[in-house]
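Engineer: Below is the structure I would like to discuss, written out as structure tokens.
There are 2 protein chains.
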Amino acid sequence: MRLSRYFLPVMKETPADAQIVSHQLMLRTGMIKQASAGIYSWLPLGYKVLRRVEQIVHEEQQRAGHIPMLMPTLQSADLWRESGRYDDYGQEMLRIKDRHDRDMLYGPTNEELITDVFRSYVGSYKDLPLTLYHIQWKFRDEIRPRFGVMRGREFLMKDGYNFDLTKEDALHAYNRHLVSYLRTYERMGLQAIPMRADGGPIGGDYTHEFLVLAETGESEVFYDSQITELKFGDRQIDYDSVEQCQGVLEEFTSRYARTDETHDGIIFNNQVPAERQRSARGIEVGQIFYFGTKYSEAMNAVVDDGKGGKVPVHMGSHGIGVSRLLGALIEANHDDKGIIWPEGVTPFHCGIVNLKQGDDEADGACEALYKSLTAMGLEPLYDDRSERAGAKFATMDLIGLPWRITVGPRGLKNGVVELTSRRTGESEELPPEQAVAKIAQIYGVAAA
Amino acid sequence: MRLSRYFLPVMKETPADAQIVSHQLMLRTGMIKQASAGIYSWLPLGYKVLRRVEQIVHEEQQRAGHIPMLMPTLQSADLWRESGRYDDYGQEMLRIKDRHDRDMLYGPTNEELITDVFRSYVGSYKDLPLTLYHIQWKFRDEIRPRFGVMRGREFLMKDGYNFDLTKEDALHAYNRHLVSYLRTYERMGLQAIPMRADGGPIGGDYTHEFLVLAETGESEVFYDSQITELKFGDRQIDYDSVEQCQGVLEEFTSRYARTDETHDGIIFNNQVPAERQRSARGIEVGQIFYFGTKYSEAMNAVVDDGKGGKVPVHMGSHGIGVSRLLGALIEANHDDKGIIWPEGVTPFHCGIVNLKQGDDEADGACEALYKSLTAMGLEPLYDDRSERAGAKFATMDLIGLPWRITVGPRGLKNGVVELTSRRTGESEELPPEQAVAKIAQIYGVAAA
Numbered sequence: 001m002r003l004s005r006y007f008l009p010v011m012k013e014t015p016a017d018a019q020i021v022s023h024q025l026m027l028r029t030g031m032i033k034q035a036s037a038g039i040y041s042w043l044p045l046g047y048k049v050l051r052r053v054e055q056i057v058h059e060e061q062q063r064a065g066h067i068p069m070l071m072p073t074l075q076s077a078d079l080w081r082e083s084g085r086y087d088d089y090g091q092e093m094l095r096i097k098d099r100h101d102r103d104m105l106y107g108p109t110n111e112e113l114i115t116d117v118f119r120s121y122v123g124s125y126k127d128l129p130l131t132l133y134h135i136q137w138k139f140r141d142e143i144r145p146r147f148g149v150m151r152g153r154e155f156l157m158k159d160g161y162n163f164d165l166t167k168e169d170a171l172h173a174y175n176r177h178l179v180s181y182l183r184t185y186e187r188m189g190l191q192a193i194p195m196r197a198d199g200g201p202i203g204g205d206y207t208h209e210f211l212v213l214a215e216t217g218e219s220e221v222f223y224d225s226q227i228t229e230l231k232f233g234d235r236q237i238d239y240d241s242v243e244q245c246q247g248v249l250e251e252f253t254s255r256y257a258r259t260d261e262t263h264d265g266i267i268f269n270n271q272v273p274a275e276r277q278r279s280a281r282g283i284e285v286g287q288i289f290y291f292g293t294k295y296s297e298a299m300n301a302v303v304d305d306g307k308g309g310k311v312p313v314h315m316g317s318h319g320i321g322v323s324r325l326l327g328a329l330i331e332a333n334h335d336d337k338g339i340i341w342p343e344g345v346t347p348f349h350c351g352i353v354n355l356k357q358g359d360d361e362a363d364g365a366c367e368a369l370y371k372s373l374t375a376m377g378l379e380p381l382y383d384d385r386s387e388r389a390g391a392k393f394a395t396m397d398l399i400g401l402p403w404r405i406t407v408g409p410r411g412l413k414n415g416v417v418e419l420t421s422r423r424t425g426e427s428e429e430l431p432p433e434q435a436v437a438k439i440a441q442i443y444g445v446a447a448a
Numbered sequence: 001m002r003l004s005r006y007f008l009p010v011m012k013e014t015p016a017d018a019q020i021v022s023h024q025l026m027l028r029t030g031m032i033k034q035a036s037a038g039i040y041s042w043l044p045l046g047y048k049v050l051r052r053v054e055q056i057v058h059e060e061q062q063r064a065g066h067i068p069m070l071m072p073t074l075q076s077a078d079l080w081r082e083s084g085r086y087d088d089y090g091q092e093m094l095r096i097k098d099r100h101d102r103d104m105l106y107g108p109t110n111e112e113l114i115t116d117v118f119r120s121y122v123g124s125y126k127d128l129p130l131t132l133y134h135i136q137w138k139f140r141d142e143i144r145p146r147f148g149v150m151r152g153r154e155f156l157m158k159d160g161y162n163f164d165l166t167k168e169d170a171l172h173a174y175n176r177h178l179v180s181y182l183r184t185y186e187r188m189g190l191q192a193i194p195m196r197a198d199g200g201p202i203g204g205d206y207t208h209e210f211l212v213l214a215e216t217g218e219s220e221v222f223y224d225s226q227i228t229e230l231k232f233g234d235r236q237i238d239y240d241s242v243e244q245c246q247g248v249l250e251e252f253t254s255r256y257a258r259t260d261e262t263h264d265g266i267i268f269n270n271q272v273p274a275e276r277q278r279s280a281r282g283i284e285v286g287q288i289f290y291f292g293t294k295y296s297e298a299m300n301a302v303v304d305d306g307k308g309g310k311v312p313v314h315m316g317s318h319g320i321g322v323s324r325l326l327g328a329l330i331e332a333n334h335d336d337k338g339i340i341w342p343e344g345v346t347p348f349h350c351g352i353v354n355l356k357q358g359d360d361e362a363d364g365a366c367e368a369l370y371k372s373l374t375a376m377g378l379e380p381l382y383d384d385r386s387e388r389a390g391a392k393f394a395t396m397d398l399i400g401l402p403w404r405i406t407v408g409p410r411g412l413k414n415g416v417v418e419l420t421s422r423r424t425g426e427s428e429e430l431p432p433e434q435a436v437a438k439i440a441q442i443y444g445v446a447a448a
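Protein sequence lines correspond, in order, to chains F and A. According to full-length UniProt numbering, the first sequence is numbered sequentially starting from 1. According to full-length UniProt numbering, the second sequence is numbered sequentially starting from 1.
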């Protein structure tokens, strides 16, 4: 993308009404604009990151064998009356009447709707196991929306639902989700720690929340410091293997890690040596639940068990806060100059800064870099505006592309451009082809 | 995808409440399930096609230089009061009150919201031209939703908005959209004819609707038969060229083609020789508008004109009915056995039917085909169920994958499999590697 043709309304001033750094930076970089309280328009830069995050979630869910679909945003109240949650849910549920005066609602979650899909088509244990998921906008009518997309009212969530014949099978689905979530967050450059949590309005005895440690987190968390040393890394996993998934669960959840909802000071002190005890704040970016037959019994989602009987299916639900993740990513990746995107989710793979726009040689070198990078399937952002160098650098630092190639007449005389890491600030001079090769290597793409 | 692990709830019977063939087939193939009146869940197969259609729309919009973003589904009523449309819009607008009793609505379109984005950031002619678009769910509270996704209440639409300094520039944006729409529909295998239409509630003197001819269309249309011979084809176009875009507009709109809203029998008879006069029914799949300063004046979206003055920007809006397109595609591509997907939008690139599941040789040959196709980036659907051949063929014909590879012990003895075109029904026997090579050629991918 050429910046002269893009829509990137960056702001110099920090907006006064934004209290936390991710909200401030998303506004300053022109990623989002508030449309009304707790509801945002995703401007082009923000939308690009949102799509990258969404794409990683899709890929990892499908790698785990989960099947994508899409449920609507508006639901009929009838299904929620069946499950008993229509009255339970408080004012956070946005209730709507249509022109025929029918009770509708903007879905805050989808257990009822997916259970209805399931019971409409599936009647036999032979069709199990089954896990369906979607990524769709939800609405939660927060009384005081704040912190930008971190606690918005209209938000994008991935929610997935497993249907299994037995509790054992459903717990394998639970473990499979845990593994896929670890991979998902790591690909985004985030460390999200699974912590024992509370079921809340979804219900369920088995539930873990995934928390990113950050000062601005809404939850207080308590954990064994050893847990932050765990990495999923690039290990291969067979998602069909009960043993392998169970092994990962045990590795990542056997040490003490709990949110304040489930924290127990006595267990904490008994189980964790004092020097490894940590308390911190965390941002919740996902949660997995096994809740058994809570919805299948209420809504009569039963299958033939192969022994002549009918049994309610065992279910769980599993969510990733897709739009909220952008806030968490920025909370965890920024400095005084702006955002520092991890390579996995960056809106553009690198920036190209032309120090002397209008200079034939500099323009030509920038165009050549742009073409080479684009031909490899990468997306550079080329600052081709007639601005002074300082302004161009400030914009690039603010929006936080992980790599920047700086092109100027002086370097070109020596046959070099400058490649700069946004994270370390380190620069090196090298010929343009080598800069391209290095970017290609970083992103794991083949030279064209 | 292996069918044994997929969720494809096909039905044998035609649902009684579905009146038109696309609605019937989308239900029978398990593409959609009604969630409530005029609101659908997109089951896995339907969701896949929806994504393919969406992807083509994205690619063609971006090729034309239009910038993607995303506006929310819910909007504040305040902006609609500014434009004067809050009261104008009738009961089709879904009006909502939030917990603080604020007036909200589920956006049926986004002129107000995008104009607010524009005026918040852009103040100079130097930032023009600018075209922003998004693909987002909309709601229109139809009194009698029907025909499945063709006239649903919650529907997915691409809507784009151009902002230009002058009428001439805005008309170039109009033409650019017309060209990009022609490419978009052709890539999907659809012929959509631009016809002179009526502005309706959006407003505007210049507007064309794109119609797909089909017996079940909601509009009566009148046209010169020469128009159906026009093809955009694979011609190269420079979207920055006023002349080229204008040329395409003239080529595709100079012949008589109007919907019943603007049809004029006298002009029709004078302009079109009797033997070329056609009347038919059409499905509207898109519409483009130039409406000048209607919204920018009402909402004070002005820019410096570079001559010391401030002028309201010239705007247009441009929509493609993404979810509705699936209905139109099926209306235009089906036979007695089911759907016949064009290659551009097919949910899976080809089917693999194993005639003797459990036979080592047949299973091995199917697995090898599956791997070869997947390695090239294609998505085959492998029917690995223990069903009889007839049931497998019926399912494949119903869901309409354009190509099917049939694998059985008898053919394998002679070293061949069977490759069948869904559209023509023609089959040929050839070695598995050649079947794969032919599929690769059809989809324009390189062998791995």
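Even glycine gets a Cβ: it sits at the ideal position worked out from N, Cα and C. This one's a predicted model, so the numbers in the text were calculated from it and none came from an experiment.
Go to residue 529/F, then tell me how far its beta strand (DSSP E) extends in each direction, as first and last residue.
Structural biologist: Since the first residue of chain F shown is 1 and the last is 448, residue 529/F is not available in this structure.
Engineer: State buried or exposed for G233/A, treating a residue as buried only when at least 16 other CB atoms are found within 10 Å of its CB.
Structural biologist: By one-based count along the second sequence, residue 233/A stands at place 233. Counting Cβ neighbours within 10 Å, G233/A comes out exposed, since fewer than 16 surround it.
Engineer: Closer than 8 Å, CB to CB, is K65/F near chain A or not?
Structural biologist: What you label residue 65/F is simply residue 65 of the first sequence in a count that begins at 1. The question names Lys, but residue 65/F is Gly in the sequence shown. So yes, G65/F belongs to the interface.
Engineer: Which residues mark the beginning and the end of the alpha helix (DSSP H) in which Q271/A is found?
Structural biologist: Walking along the second sequence from the start, residue 271/A turns up at place 271. Its alpha helix (DSSP H) spans residues G265 to Q271.
Engineer: Distance cutoff 8 Å, beta carbons only. Does A16/F sit that close to anything in chain A?
Structural biologist: By 1-based counting over the first sequence, the position of residue 16/F is 16. Taking Cβ atoms only, chain A never reaches closer than 8 Å to A16/F, which makes this a no.
Engineer: Is it the case that the CB of S323/F approaches a heavy atom of the ligand ATP more closely than 7 Å?
Structural biologist: Looking for the ligand ATP in the displayed structure turns up nothing, as the structure carries no ligands at all.
Engineer: Beta-carbon of F291/F versus every beta-carbon of chain A: anything under 8 Å?
Structural biologist: As a working note, residue 291/F is residue 291 in the first sequence. Judged by the 8 Å Cβ criterion, F291/F is not in contact with chain A.
Engineer: Does chain F have any CB closer than 8 Å to the CB of R196/A?
Structural biologist: Indexing the second sequence from 1 puts residue 196/A at position 196. Closer than 8 Å: no.
Engineer: Answer with buried or exposed for R404/A, where buried requires no fewer than 16 other C-beta atoms within 10 angstroms of its C-beta.
Structural biologist: One-based indexing of the second sequence puts residue 404/A at position 404. Buried, since its Cβ has 16 or more Cβ neighbours within 10 Å.
Engineer: Does M71/F come within less than 8 Å of chain A when only Cβ atoms are used?
Structural biologist: On the first sequence, position 71 is the one that residue 71/F refers to. Yes, contact with chain A.
Engineer: Between F118/F and L128/F, what straight-line distance do the alpha-carbon atoms span, to the nearest angstrom?
Structural biologist: By 1-based counting over the first sequence, the position of residue 118/F is 118. By 1-based counting over the first sequence, the position of residue 128/F is 128. Using only the alpha carbons, I get a separation of about 11 Å.
Engineer: In the structure shown, what three-state DSSP assignment does T406/A receive?
Structural biologist: Counting from 1 along the second sequence, the entry for residue 406/A is found at position 406. Reduced to three states, the DSSP call for T406/A is strand.
Engineer: From the DSSP output, in three-state form, read off K167/A for me.
Structural biologist: Translated into the one-based positions of the second sequence, residue 167/A becomes position 167. Note: K167/A maps to helix in three-state DSSP.
Engineer: For T73/F, count the other beta carbons within 10 Å of its own beta carbon; 16 or more makes it buried, fewer makes it exposed. Which is it?
Structural biologist: For the purposes of this step, residue 73/F is taken as residue 73 along the first sequence, with counting starting at 1. By the 10 Å Cβ count, T73/F comes out buried.
Engineer: Can you tell me where the alpha helix (DSSP H) holding H58/A begins and where it ends?
Structural biologist: Position 58 of the second sequence, counting from 1, holds the residue named residue 58/A. Unbroken alpha helix (DSSP H) run through H58/A: P44 to R63.
Engineer: Going along the chain, which residues of the stretch 20 to 37 of chain F sit with their C-beta nearer than 7 Å to a C-beta in chain A?
Structural biologist: Within the stretch 20 to 37 of chain F, the residues whose Cβ lies closer than 7 Å to some Cβ of chain A are K33, A35 and S36, listed in chain order.
Engineer: Say whether chain F places a C-beta atom closer than 8 Å to the C-beta of F7/A.
Structural biologist: Within the second sequence, numbered from 1, the residue matching residue 7/A stands at position 7. Cβ-Cβ to chain F under 8 Å: yes for F7/A.
Engineer: Using a beta-carbon distance cut-off of less than 9 Å, what residues from the stretch 411 to 432 of chain A approach chain F?
Structural biologist: Residues: none.
Engineer: Shorter than 8 Å from the beta carbon of V117/F to some beta carbon of chain A?
Structural biologist: Numbered from 1 along the first sequence, position 117 holds the residue referred to as residue 117/F. Yes, its Cβ sits closer than 8 Å to a Cβ of chain A.
Engineer: Is DSSP giving H349/A helix, strand or coil here?
Structural biologist: Position 349 of the second sequence, counted from the first residue, corresponds to residue 349/A. The answer is coil: DSSP assigns H349/A none of H, G, I, E or B.
Engineer: Roughly how many angstroms separate the alpha carbons of A169/A and G84/A, rounded to a whole number?
Structural biologist: Locating residue 169/A in the second sequence gives position 169, counting from the first residue. Locating residue 84/A in the second sequence gives position 84, counting from the first residue. One detail in the question is off: residue 169/A reads as Asp in this sequence, not Ala. C-alpha separation (whole angstroms): 26 Å.
Engineer: May I have the straight-line CA-CA distance separating G344/F from C350/F, to the nearest angstrom?
Structural biologist: As a position in the first sequence, residue 344/F is number 344, starting the count at 1. As a position in the first sequence, residue 350/F is number 350, starting the count at 1. Roughly 12 Å between the two C-alpha positions.
Engineer: Can at least three beta-carbon pairs, one atom from the stretch 32 to 43 of chain F and one from the stretch 142 to 153 of chain F, be found at a separation below 8 Å?
Structural biologist: A contact exists between the stretch 32 to 43 of chain F and the stretch 142 to 153 of chain F.
Engineer: Label H100/F either buried or exposed according to how many other C-beta atoms from any shown protein chain fall within 10 Å of its C-beta, with 16 as the threshold for buried.
Structural biologist: Taking the first residue of the first sequence as 1, we reach residue 100/F at position 100. That one is exposed.
Engineer: As an exercise, report each continuous beta strand (DSSP E) stretch of at least 3 residues that is fully enclosed by the stretch 296 to 324 of chain A, in chain order.
Structural biologist: The qualifying runs are 302 to 304, 310 to 312 and 314 to 321.
Engineer: Between H318/A and H177/A, what straight-line distance do the alpha-carbon atoms span, to the nearest angstrom?
Structural biologist: Within the second sequence, the letter at position 318 stands for residue 318/A. Within the second sequence, the letter at position 177 stands for residue 177/A. So the two alpha carbons sit approximately 7 Å from each other.
Engineer: Quick one: residues in its chain with C-beta nearer than 7 Å to the C-beta of L25/F, no 5 flanking neighbours on either side, listed in chain order?
Structural biologist: The residue given as residue 25/F occupies position 25 in the first sequence. The residues are I330, H334, G338 and I339.
Engineer: Please list, in chain order, all residues of the same chain as R151/F whose beta carbon is under 7 Å from its beta carbon, the five residues on each side excluded.
Structural biologist: For this step, residue 151/F is matched to residue 151 along the first sequence. Once the five neighbours on either side are set aside, the close Cβ partners of R151/F are E142 and P145.
Engineer: Against Y121/F, what residues of chain A qualify as contacts under a CB-to-CB distance less than 7 Å, listed in chain order?
Structural biologist: On the first sequence, position 121 is the one that residue 121/F refers to. Going along chain A in sequence order, the residues near Y121/F (Cβ under 7 Å) are P9.
Engineer: In the DSSP output, what is K158/A paired with across the bridge?
Structural biologist: Taking the second sequence and counting its residues from 1, the one referred to as residue 158/A is at position 158. In DSSP, K158/A forms a bridge with I135/A and I320/A.
Engineer: I need the boundaries of the beta strand (DSSP E) containing K33/A, first residue and last residue.
Structural biologist: Stepping through the second sequence from its first residue, residue 33/A is reached at position 33. Note, K33/A: beta strand (DSSP E), I32 to S36.
Engineer: Assuming G106/F and I96/F are in contact, meaning their beta carbons sit under 8 Å apart, how far apart are those beta carbons, in whole angstroms?
Structural biologist: Against the first sequence, residue 106/F aligns to sequence position 106. Against the first sequence, residue 96/F aligns to sequence position 96. The identity of residue 106/F in the sequence shown is Tyr, whereas the question assumes Gly. Indeed they touch by this definition, with Cβ atoms about 7 Å apart.
Engineer: At a CB-CB cut-off below 8 Å, which residues of chain A make contact with L378/F?
Structural biologist: Along the first sequence, one-based indexing puts residue 378/F at 378. Those do not exist, as L378/F stays about 15 Å from chain A at its closest Cβ, beyond 8 Å.
Engineer: For E154/A and G286/A, I'd like the C-alpha separation in whole angstroms.
Structural biologist: Here residue 154/A refers to the residue found at position 154 of the second sequence. Here residue 286/A refers to the residue found at position 286 of the second sequence. Rounded to whole angstroms, E154/A to G286/A spans 17 Å at the Cα level.
Engineer: At a CB distance below 7 Å, what residues from the stretch 85 to 98 of chain F approach chain A? Give them in sequence order.
Structural biologist: So the list reads Q91, L94, I96 and D98, given in the order they occur along the chain.
Engineer: Run through DSSP, which three-state label would K231/A get?
Structural biologist: Within the second sequence, residue 231/A is the residue found at index 231, counting from 1. It is coil, neither helix nor strand.
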